[in-house]
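Here the structure is laid out as structure tokens; the discussion comes afterwards.
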Amino acid sequence: MEKIGIVGAGLVGSLQAILMAKKGYDVSIFESRPDVRKAKLLAGKSINLALSDRGWRALQAAGIDGDIREIAIPMYQRCMHALDGSLSYQKYGKDEQAIYSVSRGGLNQKLMNLADQYPTISYNFDRKCTDIDLKTNTLHFDNTATNQEEKHSFDKVFATDGAFSAVRFRMQKTTMFDYSQKYLDHGYKELVIPANEDGSHKLDKNCLHIWPRGEFMMIALANMDGSFTCTLFFPMYGEKSFDTINTHEKVETFFQKTFPDALPLMPTLLDDYFENPTSALVMVRCSPWNYEDKVLLLGDAAHATVPFYGQGMNCGFEDCMILQEMLEEANGNWNGLLGAYSKTRVPDGNAIIDLSLMNYIEMRDLTANKEFLLRKKIEAKFSNLYPEKWIPLYSQVTFSHIRYHKVIENGKAQNAIMEQVMQLPNIEANWDSNEVMAKMLELAN
Ligand SMILES: Cc1cc2nc3c(=O)[nH]c(=O)nc-3n(C[C@H](O)[C@H](O)[C@H](O)COP(=O)(O)OP(=O)(O)OC[C@H]3O[C@@H](n4cnc5c(N)ncnc54)[C@H](O)[C@@H]3O)c2cc1C
């Protein structure tokens, strides 16, 4: 049986370890950080993520979806906060459909605990991968606890060491390896809405809250302890930017003007704003994701994207799931499998980056746009009437397993139809009439 080495014990690495162990492989997983469960490094830092159907399916394949549900809060709709404090709601899908707020640190710890139940998985912390010898499949590490160098060889290496993958860095130097990296002009900062004194949430915990403000936005997702983690997505430089909003007074004035209903809920705003880092958002595309039959990039190491579709982790989990399915189809024969996987999956990695960028514009700008909201209502009504003819784009990404690159093709076709429908006379008043629905049906056929 092949010996498996995994670099990076983040979300995707830990899930991949469990999936491999379930198939009977011996797995050694190496992580540059200390064991976060012992070091309690995550205290006070609570980035949360939206987990949706693609992620759940992979967790189910690993037999651990039930464990993760215990730490997940369903969000059934977006709640948009207008400048005047008024709220409008938009359901994510059909009634029972939801995306789930999970703490990244909490999820990572839980995945590690679940992986620890397999005697064939060994975690090696404080091991920073510095290189890989691709000829012999030997990983090089700095052991940051002992200051020694270490080398370990494996039959297969899965690189799940994130957007700045050390393994990918070596692959970039091989012939015919394509690579591009792009930073968004906007960065982000985590802020906090603490719980009420009795531990309850200050806002509806079953919504993803958005303050769309055109060029930028703030969002908030609930945590299990009653607090919300807010993320301000904001230009790095420019007139209104992290660069210029840089004094207590400016932050207070800016929040008063821009997020007046949120400000009273954020008593620690100034501390959070100045103590928490301003982080950049990077997109990474590369191809192929494999090196021969030996090495495979998974998760952010293969396709780091911006977070606006809430799909980075979900896509990474789906990577593991698809590899698992292909391995099963090949009856456990790895011959040529990593190359075939890369060919299949790279277009989807690229597509989720494109979709994520499109959704940024939708979230920060269009969710406050009347015509956009009308389009969404028409689509939702038609989709309810004819679910087999129309799955809204958001649902295709979030609640289906349609391949991401196919979702983009479907989205273009739907866009062309909606352009025509929005031209119908008096569409604002007649949007849910039989005539409009009949026209949609004619165009969708
Ligand atoms: C603000 C923000 C919000 C997001 N929201 C969502 C969301 O709502 N939904 C969603 O699905 N995704 C979201 N994402 C994306 C998601 O966080 C990532 O896609 C996901 O964490 C990728 O998992 P990964 O395991 O591939 O990489 P990572 O989580 O980056 O893990 C990589 C691991 O490798 C380790 N490592 C790195 N270098 C080395 C090395 N040289 N040697 C050894 N170990 C190493 C790291 O310490 C880390 O533990 C968001 C991202 C951001 C920034």
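Note that the sequence shown covers residues 163 to 607 in the numbering used here.
Cβ coordinates follow ideal geometry from the N, Cα and C atoms, glycine included.
Values in this document were obtained by computation on a predicted structure and should not be read as measured data.
Residue range 289 to 295 is occupied by the beta strand (DSSP E) that includes D295. In the DSSP secondary-structure assignment, W373 is bridged to M380. For L394 against A382, the beta-carbon gap comes to about 10 angstroms, at or over 8 angstroms, which does not count as contact.
Between the alpha carbons of G268 and E480 lies a distance of about 20 angstroms.
For F390, the CB contacts under 6 angstroms within the same chain, skipping 5 residues up- and downstream, are I355, A382, A384 in chain order. Here T560 is buried, its C-beta having at least 16 other C-beta atoms within 10 Å. If you ignore the 5 residues before and after A179, its C-beta comes within less than 7 angstroms of the C-beta of I168, V189, I191, A277, I283, all in its own chain and listed in chain order. Taking 8 angstroms as the cut-off, the Cβ atoms of S327 and L459 count as close.
By the Cβ-count criterion, T467 is buried, with 16 or more other Cβ atoms from all chains shown falling within 10 Å of its own Cβ. Counting other Cβ atoms within 10 Å of its Cβ, Y503 reaches 16 or more and is therefore classed as buried. When secondary structure is reduced to three states using DSSP, E550 falls in the coil class, being assigned neither helix nor strand. Taking the Cβ of Y566 as the reference point, every heavy atom of ligand 1 lies at 7 angstroms or farther away.
The three-state secondary structure of P281, taken from DSSP, is coil.
Annotation: the continuous beta strand (DSSP E) that includes V446 extends over 441 to 449. Sorting G494, L603, V446, T336 by C-alpha distance to the C-alpha of P469 places V446 at the top.
Around the Cβ of M182, a 10 Å sphere holds 16 or more other Cβ atoms; the residue is buried. Ranked by how close their Cα comes to the Cα of K505, the residues N452, L425, Q252 have N452 in first place.
Between ligand 1 and L458, a heavy atom-to-CB distance of less than 7 angstroms is absent. DSSP places F396 within a strand segment (E or B) once states are collapsed to three.
At a cut-off of 4 residues, the continuous stretches assigned as alpha helix (DSSP H) that sit fully inside the segment 206 to 253 are 215 to 223, 227 to 231. The beta carbons of F417 and W373 sit no closer together than 8 angstroms. Residue pairing by DSSP puts D304 in a beta bridge opposite K290, E311. The three-state reading of DSSP puts K601 in helix, counting H, G and I together.
Judged by DSSP secondary structure, S362 falls outside any beta strand (DSSP E); it is assigned neither H nor E. D229 has its alpha-carbon roughly 42 angstroms from the corresponding atom of H410. In this structure, L177 lies near L273, with their beta-carbon atoms less than 8 angstroms apart.
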